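Undergrad: Could you have a look at this structure, given as C-alpha cells, before my questions?
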Ligand SMILES: Nc1nc2c(ncn2[C@@H]2O[C@H](COP(=O)(O)OP(=O)(O)OP(=O)(O)O)[C@@H](O)[C@H]2O)c(=O)[nH]1
Ligand SMILES: [Mg+2]
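In this note's numbering, the protein residues as written are 185 to 554.
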C-alpha cells in the first residue's frame with residue numbers, strides 16, 4: 185500500500201474503498217491529486233464527513249510534536265476559551281507561540297496589541313506552568329493594512345525552526361499556513377484545503393518556508409467539545425462563526441428583559457433596574473430582544489426565523505445558570521458569542537445547551553469604557 189498523502193488534508197490516499205477516508209480517482213494525466221473529499225470541498229464547498237476521530241487526531245499531533253522545536257498554537261479571536269481548553273496542558277510539551285487569528289473580525293477601533301495582552305493573561309490563568317514564547321495577532325484572511333507586516337514578523341520569529349501548527353478545528357490553522365506559503369512561490373493548485381467547516385484537515389502535512397528555513401506541520405484540529413459548534417453539524421457550526429465582522433448590539437435591558445441568540449441561548453436581566461448590555465455574535469446568528477414568558481416560549485420552541493440550526497439538531501438538554509457580571513467583564517458562551525456589561529453590575533440568568541462552556545472574564549473588547 186502506498187503512503188502518499190492528499191496535499192489538501194494530509195490523509196493517506198487510497199483508491200479501493202470509496203466510503204473510507206483518502207479515496208481518490210486516479211487522473212488520466214499527471215497532475216496534483218487530491219482525495220475525493222477535498223475535491224468536493226474545493227470545487228463545490230461540500231463536506232461529506234468532518235475529521236472527528238479524536239484518538240487519531242491525538243496521534244497525529246503527538247507524532248508532529250516529536251519532530252518539532254515549538255508549537256504554534258492558533259487561536260480564534262471569536263472564541264478564546266474554546267481555542268485554549270484547560271485539558272490541552274498535557275500537549276504543551278514544547279514552548280508555545282500563540283497566534284491570535286481572525287483579527288479582521290474585530291471592530292475597527294480595537295487595537296490588535298490589546299488582544300496580545302489579553303490572550304497572554306488567559307494563557308497565564310490556564311497554563312501557569314507552561315512556557316509561553318509570545319503572542320502574535322494576525323489575520324490569515326485579510327492582509328491589509330496591518331496583516332502583511334504581522335505575518336512577516338511571525339515568519340522571522342520562526343526562522344530555522346520545526347513547528348507544529350496546532351489548535352481547535354476551524355480556527356484557521358491551514359489558512360495561516362497558506363498565508364505564510366503565499367510569498368514562497370507555492371503553486372496555488374497545490375495549496376492545502378481550507379473550508380468553513382470544522383474538521384477539514386484529516387492528517388498532518390509538512391510544508392517548508394524555503395526563504396527562512398522553516399518546516400511547518402499542519403495538523404488536524406481538535407473538537408474541544410465545549411464549543412457550541414461542537415454539539416451541532418459542521419454546517420451549523422460554520423454558520424455560528426462571524427465571517428467578515430462581529431455582529432454587535434447594545435441594549436438597555438429592563439428587569440425581566442431578555443435577549444435570545446439564534447434559538448440556542450437566552451439571557452435574562454434579573455437585576456432590579458435597567459442594565460446596559462452589549463451582545464457579540466456571528467453575523468448569521470439572530471439576536472432578538474424579548475421579555476419574560478414570551479422569551480421563555482421562544483427559547484423553548486426555537487421558531488424558524490430565530491433558529492440558526494436545523495430543527496432536528498436541537499440540543500437535547502438545556503441548563504439554567506446565574507451570573508453576576510461586573511462592568512468591564514463579559515459573560516462568554518464558547519463558540520456562540522458573549523455579553524459585555526457596561527456601567528453597573530448585572531445579575532443575569534442564562535439558558536444554554538448542556539455541555540457548552542460558559543463563564544465570566546475580563547472584557548475582550550473595549551475594556552476602557554467598561
Ligand atoms: N474572518 C476570518 N476568517 C478566517 C481567517 N482565517 C481563517 N478563516 C476562516 O476560518 C475557516 C476555517 O479555516 P481553516 O484554515 O480551514 O481552519 P483550520 O483550523 O485549518 O480547520 P481544521 O482543518 O478543520 O482544523 C474558513 O472559513 C476560513 O476562511 C481570518 O483571519 N479571518
Ligand atoms: Mg486545517
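Each residue gets a CB set at the ideal place from its N, CA and C atoms; glycine is no exception.
In this text, all values refer to a predicted model and were calculated from it rather than measured experimentally.
Measuring only from the beta carbon, is residue 233 closer than 7 Å to any heavy atom that is part of ligand 2?
TA: For this step, residue 233 is matched to residue 49 along the chain shown. False, no ligand heavy atom lies under 7 Å from that Cβ.
Undergrad: With a floor of 3 residues, list each beta strand (DSSP E) that falls wholly inside the region 253-337, ordered by position along the chain.
TA: Runs found: 254-260, 280-285 and 316-321.
Undergrad: Using a Cβ-Cβ cut-off of 7 Å (strictly less than) and excluding sequence neighbours within five positions of residue 498, which residues of its own chain qualify?
TA: Taking the first residue of the chain shown as 1, we reach residue 498 at position 314. If we look at residue 498 and ignore the five residues flanking it on each side, its Cβ neighbours are 486.
Undergrad: State the start and end residues of the unbroken alpha helix (DSSP H) segment that holds residue 242.
TA: The count along the chain shown starts at 1 and reaches residue 242 at position 58. From DSSP, the alpha helix (DSSP H) with residue 242 extends over 238-251.
Undergrad: For residue 227, does the count of other Cβ atoms within 10 angstroms reach 16, so buried, or fall short, so exposed?
TA: The count along the chain shown starts at 1 and reaches residue 227 at position 43. Classification for residue 227: exposed.
Undergrad: Could you check whether residue 283 and residue 255 sit closer than 8 Å to each other, using their CB atoms as the reference points?
TA: Residue 255 sits at position 71 when you count from the first residue of the chain shown. Residue 283 sits at position 99 when you count from the first residue of the chain shown. Contact: no.
Undergrad: Hey, would you say the C-beta of residue 242 is under 7 Å away from at least one heavy atom of ligand 2?
TA: Translated into the one-based positions of the chain shown, residue 242 becomes position 58. No, Cβ of residue 242 sits at least 7 Å from all heavy atoms of ligand 2.
Undergrad: Let me know if residue 553 comes out buried or exposed under the rule of 16 or more other beta-carbons within 10 Å of its beta-carbon.
TA: Position 369 of the chain shown, counted from the first residue, corresponds to residue 553. With a pLDDT of only 47 at residue 553, under the threshold of 50, the placement of this residue in the model should not be trusted, and no figure is reported.
Undergrad: Looking at the structure shown, is residue 198 part of a helix, part of a strand, or coil, going by DSSP?
TA: Within the chain shown, residue 198 is the residue found at index 14, counting from 1. The answer is strand: DSSP assigns residue 198 an E or B state.
Undergrad: With residue 204 as the anchor, note down where its beta strand (DSSP E) starts and where it stops.
TA: As a first step, residue 204 must be located in the chain shown, where it is residue number 20. Taken as a continuous stretch (DSSP letters only), residue 204 belongs to no beta strand (DSSP E), as it is neither H nor E.
Undergrad: If you check the beta carbons only, do residue 222 and residue 377 fall under 8 Å apart?
TA: Start at 1 with the first residue of the chain shown, and residue 222 comes out as number 38. Start at 1 with the first residue of the chain shown, and residue 377 comes out as number 193. Their beta carbons are under 8 Å apart, which means residue 222 touches residue 377 by this criterion.
Undergrad: Should residue 428 go down as buried or exposed, given a rule of 16 or more other Cβ atoms within 10 Å for buried?
TA: Position 244 of the chain shown, counted from the first residue, corresponds to residue 428. Answer is exposed; the Cβ neighbour count stays below 16.
Undergrad: Can you give me the start and stop residues for the alpha helix (DSSP H) that residue 480 sits inside?
TA: For the purposes of this step, residue 480 is taken as the residue at position 296 of the chain shown. Per DSSP, residue 480 belongs to the alpha helix (DSSP H) from 476-485.
Undergrad: Out of curiosity, what's the CA-to-CA distance linking residue 243 and residue 361?
TA: The sequence position of residue 243 within the chain shown is 59, counting from 1. The sequence position of residue 361 within the chain shown is 177, counting from 1. Rounded to whole angstroms, residue 243 to residue 361 spans 21 Å at the Cα level.
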